[in-house]
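Trainee:
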Amino acid sequence: MRNPKKYCEIWKLQKSFPSPKGPAIVVKDFDLFLRDGEFVSLIGHSGCGKSTVLSILAGLTTKTAGSIILADKEVRGAGPDRGVVFQAPCLLPWMSAFDNVMIGVDQVFPSAPRAQRRQIAEHYLELVGLADSVHKMPAELSQGMRQRVGIARAFALSPKMLLLDEPFGMLDSLTRLELQQVLLEVWRERKITALMVTHDVDEALFLSDRIAMMTSGPGANVGDILEVPFARPRDRKAVLEHPDYYRLREHLIGFLEGQDHRKPKPVAAEEPLAISAAVLSPA
Amino acid sequence: MKYDVKKMMMNGLVFPAVGIGAVIGIWAILSQSAAPDLPSPLRIWQESKLYVLEPFTYRGELDQGIGLFTWLSLKMVLKGYALALLIGTPTGFILGSSKLFTKMFDPIFQILRPVSPLAWYPLGLVLFSQARNNTSELAALFTIAMCAMWPTVINTAVGVRAIPQDYLNVARVLKLSPTKRLFKILVPAALPYMFTGYRLSLGLSWLVIVAIEMLSGRPGVGGFLWQEYSSLIYPHIILCIITIGVVGFVLDRLMSVVEANVNHILNLPALIQRGLAAIFARRQLEVSHAVS
Chain A
0 MRNPKKYCEI
10 WKLQKSFPSP
20 KGPAIVVKDF
30 DLFLRDGEFV
40 SLIGHSGCGK
50 STVLSILAGL
60 TTKTAGSIIL
70 ADKEVRGAGP
80 DRGVVFQAPC
90 LLPWMSAFDN
100 VMIGVDQVFP
110 SAPRAQRRQI
120 AEHYLELVGL
130 ADSVHKMPAE
140 LSQGMRQRVG
150 IARAFALSPK
160 MLLLDEPFGM
170 LDSLTRLELQ
180 QVLLEVWRER
190 KITALMVTHD
200 VDEALFLSDR
210 IAMMTSGPGA
220 NVGDILEVPF
230 ARPRDRKAVL
240 EHPDYYRLRE
250 HLIGFLEGQD
260 HRKPKPVAAE
270 EPLAISAAVL
280 SPA
Chain B
0 MKYDVKKMMM
10 NGLVFPAVGI
20 GAVIGIWAIL
30 SQSAAPDLPS
40 PLRIWQESKL
50 YVLEPFTYRG
60 ELDQGIGLFT
70 WLSLKMVLKG
80 YALALLIGTP
90 TGFILGSSKL
100 FTKMFDPIFQ
110 ILRPVSPLAW
120 YPLGLVLFSQ
130 ARNNTSELAA
140 LFTIAMCAMW
150 PTVINTAVGV
160 RAIPQDYLNV
170 ARVLKLSPTK
180 RLFKILVPAA
190 LPYMFTGYRL
200 SLGLSWLVIV
210 AIEMLSGRPG
220 VGGFLWQEYS
230 SLIYPHIILC
240 IITIGVVGFV
250 LDRLMSVVEA
260 NVNHILNLPA
270 LIQRGLAAIF
280 ARRQLEVSHA
290 VS
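Heads up: the protein sequence lines correspond to chains A and B, in order. First residue of the first sequence? That's 0 in numbering that gives the first Met the number 0, and the numbers climb one at a time after it. First residue of the second sequence? That's 0 in numbering that gives the first Met the number 0, and the numbers climb one at a time after it.
1. Would you report the Cα separation of A:Leu178 and A:Arg147, rounded to the nearest angstrom?
2. For A:Met195, list the residues DSSP reports as bridge partners.
3. Anyone know if the C-beta pair for A:Gly216 and A:Cys7 falls short of 9 Å?
4. For the stretch 93 to 161 of chain A, list the alpha helix (DSSP H) runs that are entirely contained and at least 4 residues long, ordered along the chain.
5. Quick one: complete alpha helix (DSSP H) runs, 4+ long, within the stretch 56 to 110 of chain B?
6. What is the DSSP secondary structure of A:Val221, reduced to helix, strand or coil?
7. Check the Cβ of B:Ile208 against every Cβ in chain A and list those closer than 7 Å, keeping chain order.
8. Note the first and the last residue of the continuous beta strand (DSSP E) segment covering A:Cys7.
9. Let me know if B:Tyr57 comes out buried or exposed under the rule of 16 or more other beta-carbons within 10 Å of its beta-carbon.
10. Under 9 Å between C-beta atoms, does A:Phe154 make it to chain B?
11. So is B:Gly169 in contact with chain A if we call contact Cβ pairs under 9 Å?
12. Out of A:Thr51, A:Pro17, A:Lys11, which one is the CA nearest neighbour of A:Val162?
13. Given a cut-off of 9 Å on the beta-carbon distance, is the pair B:Gly202 and B:Gly158 in contact?
14. Where DSSP assigns a beta bridge to B:Ser200, which residues make up the other side?
15. What are the boundary residues of the alpha helix (DSSP H) that B:Ile162 is part of?
16. Is the Cβ of B:Val159 closer than 9 Å to any Cβ of chain A?
17. Examine chain B for any beta-carbon lying closer than 9 Å to the beta-carbon of A:Gln106, and answer yes or no.
18. If we call anything under 9 Å between Cβ atoms a contact, is B:Tyr197 one with B:Leu84?
19. Which residue marks the beginning of the beta strand (DSSP E) containing A:Arg209, and which one marks its end?
20. Just to confirm, are B:Gly219 and B:Glu227 a CB contact at a threshold of 9 Å?
21. In chain order, what residues of the same chain have a beta carbon less than 6 Å from the beta carbon of B:Gly64, not counting five sequence neighbours either side?
22. Count the other C-beta atoms from every protein chain shown that fall within 10 angstroms of the C-beta of B:Val22, then say buried if there are 16 or more, exposed otherwise.
23. Determine the extent of the beta strand (DSSP E) in which A:Gly65 is found, giving its start and end residues.
24. On a CA-only basis, which of B:Ser96, B:Asn262, B:Gly221, B:Ser47 is nearest B:Pro177? Give me that one, please.
25. Could you tell me whether any Cβ in chain B is nearer than 9 Å to the Cβ of A:Ala58?
26. Should A:Ser95 and A:Val127 be called a contact, given that it needs their Cβ atoms to be closer than 9 Å?
27. Measuring CB atoms only, is the stretch 136 to 144 of chain A touching the stretch 75 to 95 of chain A, in the sense that at least three cross pairs come out at less than 8 Å?
28. For a contact meaning CB atoms closer than 8 Å, what does B:Ile184 contact in chain A?
29. Please check if any C-beta of chain B sits within less than 9 Å of the C-beta of A:Val83.
30. Hey, quick one: how far does the beta strand (DSSP E) through A:Gly82 stretch, first residue to last?
31. Closer than 8 Å between beta carbons: that is the criterion. Which residues of the stretch 7 to 36 of chain B meet it against chain A?
32. So which residues on chain A does B:Leu175 lean against when the C-beta distance must stay under 9 Å?
33. Could you tell me which of A:Leu140, A:Asn99, A:Ser110 sits nearest to A:Glu121, measuring between CA atoms?
34. What are the start and end residues of the beta strand (DSSP E) that includes A:Leu31?
35. Mind checking B:Asn154: buried by the 16 CB within 10 Å criterion, or exposed?
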């Protein structure tokens with residue numbers, strides 16, 4: 000039987016790039032377990048390697064060492080069993096919103112009747128609030144609407160896991176709040192295990208069940224994990240007024256500020272041991 | 000959008016007309032003074048009237064209206080051009096997607112690219128000498144393809160190399176099959192570049208056909224030009240030059256329109272599908288109304 004507490008296991012993940020001064024280690028000894036149906040955020044300073052971790056999970060970047068197991072299977076390469084929402088919506092500009100979703104649905108459910116596949120695509124586009132813009136081209140959609148299509152495309156794959164790479168990073172703050180709500184609503188319908196990379200503390204608190212805080216690189220990994228106790232379904236007002244909200248927020252910001260003060264270590268092959276030892280001390 | 004009709008008239012008609020008028024004027028003066036062998040504009044018109052006013056009259060293989068000659072040349076160009084695209088597009092795709100292929104063949108392409116059509120044509124004649132009646136036509140097609148495909152090859156390759164990583168990531172995440180990846184991602188993404196190549200290739204094809212006709216004496220604008228030169232009817236040379244220029248210009252404009260509307264052309268199937276779906280839905284609605 001599958002252990003529901005370990006739906007997705009990331010073990011001792013390591014990523015290094017070759018550089019003239021020897022391998023530059025971005026991520027080292029990164030461990031993270033996700034429960035089935037859990038929404039986990041990964042926060043950290045820009046450039047700490049959080050997007051690299053997500054990219055490895057998506058199969059778009061190769062790992063140097065470690066292993067990733069998703070639903071009892073080792074993750075190898077990219078595939079539609081993981082729905083990715085990129086920072087830029089990455090819609091294909093020569094296809095309508097509908098076709099952008101359909102191309103994924105066709106891949107995942109090749110044997111389903113066409114009408115049923117169309118229904119899936121239409122359902123998720125409606126769910127993200129694009130019922131009236133189904134057949135519009137990406138150029139006719141605002142940045143926020145394009146990202147809605149991106150979310151619909153990821154969910155429509157019925158993936159084992161959702162990977163969100165700063166999905167709202169390029170949006171203005173009003174649209175961002177709106178889309179966080181949209182994401183929660185779609186996610187409520189089918190709780191797909193999700194890992195979201197963000198550097199927005201409030202976004203992480205509003206959306207996640209747990210927040211993994213990443214240390215600053217090189218050799219970054221998970222420094223601390225915060226449980227977010229707010230009841231679901233969540234309402235922004237209720238979350239903001241929750242007595243624990245500011246304590247949790249302070250905890251996150253305190254961690255990030257602590258990381259900020261660490262002097263960046265020189266990138267060299269013989270350094271990583273010392274770095275990881277410093278980083279491993281639990282907060 | 001608001002159109003300034005007066006400004007458009009000035010820019011599109013009046014100024015060009017003034018420019019053309021000035022050139023004809025200088026020409027007339029030159030033909031009277033410095034260059035007595037240059038036929039005057041009036042003489043050109045008088046001697047060419049027959050060919051221009053009866054453009055589709057056939058009087059003999061090398062004595063046809065200018066419209067017929069243009070048509071003969073265009074037919075050859077279109078065949079050769081199609082061949083150039085057929086060879087050039089896939090070659091460009093491979094060149095753009097394989098570094099190894101680029102390293103192997105790019106030097107050869109760079110050497111073949113500047114070779115003049117006049118050099119390819121005799122080789123074509125040798126290659127297709129078995130074809131008896133069709134030798135000159137096949138050699139002509141071969142020459143057009145060899146000369147005109149390079150802009151298509153190179154622009155397609157550039158287009159394929161310029162495809163944003165984002166689109167390729169979508170293909171990887173969705174695990175698209177190679178064919179789907181090609182037709183749903185690579186081709187649409189590279190299409191604007193491809194069409195720039197197609198436009199340049201068409202221009203080259205038109206340049207090449209005139210040279211080949213002159214060399215081979217095939218009926219067409221270039222063949223007519225060479226024959227009239229041999230027959231000492233110089234005004235017709237100018238007529239041919241003007242015709243070649245005008246046709247080349249029109250072809251380029253046409254391709255520019257196509258190029259500028261690549262995205263709409265790409266959407267055409269989707270638009271038709273959408274239209275059909277709408278019609279179908281309405282009919283169903285009518286049927287259901289009729290039933291109830």
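Note that the Cβ used here is the ideal one computed from N, Cα and C, for glycine as well.
Mentor: In this structure, then:
1. The alpha-carbon atoms of A:Leu178 and A:Arg147 are separated by roughly 7 Å.
2. A:Ser40, A:Leu163
3. In this structure, A:Cys7 does not lie closer than 9 Å to A:Gly216 by Cβ.
4. Here the runs fully enclosed are 96 to 107, 113 to 126, 142 to 155.
5. 65 to 96
6. Reduced to three states, the DSSP call for A:Val221 is strand.
7. The premise fails here: B:Ile208 is roughly 34 Å from chain A at the closest Cβ pair, so nothing lies under 7 Å.
8. 7 to 16
9. exposed
10. no
11. It is worth fixing the name first, because residue 169 of chain B is Val in this sequence and not Gly. Closer than 9 Å to some Cβ of chain A, the Cβ of B:Val169 qualifies, so yes.
12. Here residue 162 of chain A is Leu; the residue named in the question, Val, does not match the sequence. Taking only the C-alpha atoms, the option nearest A:Leu162 is A:Thr51.
13. no
14. Answer is none; B:Ser200 lacks a bridge partner.
15. First-last for B:Ile162: undefined, no H or E at that position.
16. no
17. yes
18. yes
19. 209 to 213
20. no
21. Answer for B:Gly64: Tyr50, Glu53, Pro54, Phe55, Thr56, listed in chain order.
22. The residue in question, B:Val22, is exposed, as its Cβ has fewer than 16 Cβ neighbours within 10 Å.
23. 64 to 69
24. B:Ser96
25. A small correction: the amino acid at residue 58 of chain A is Gly; Ala does not occupy that position in the sequence shown. Interface residue (Cβ-Cβ distance to chain B less than 9 Å): A:Gly58 is classified as such.
26. no
27. yes
28. Leu91
29. By this cut-off, A:Val83 is an interface position.
30. A:Gly82 -> beta strand (DSSP E) spans 81 to 84.
31. none
32. Ile102, Gln106
33. A:Asn99
34. Residues 23 to 33.
35. buried
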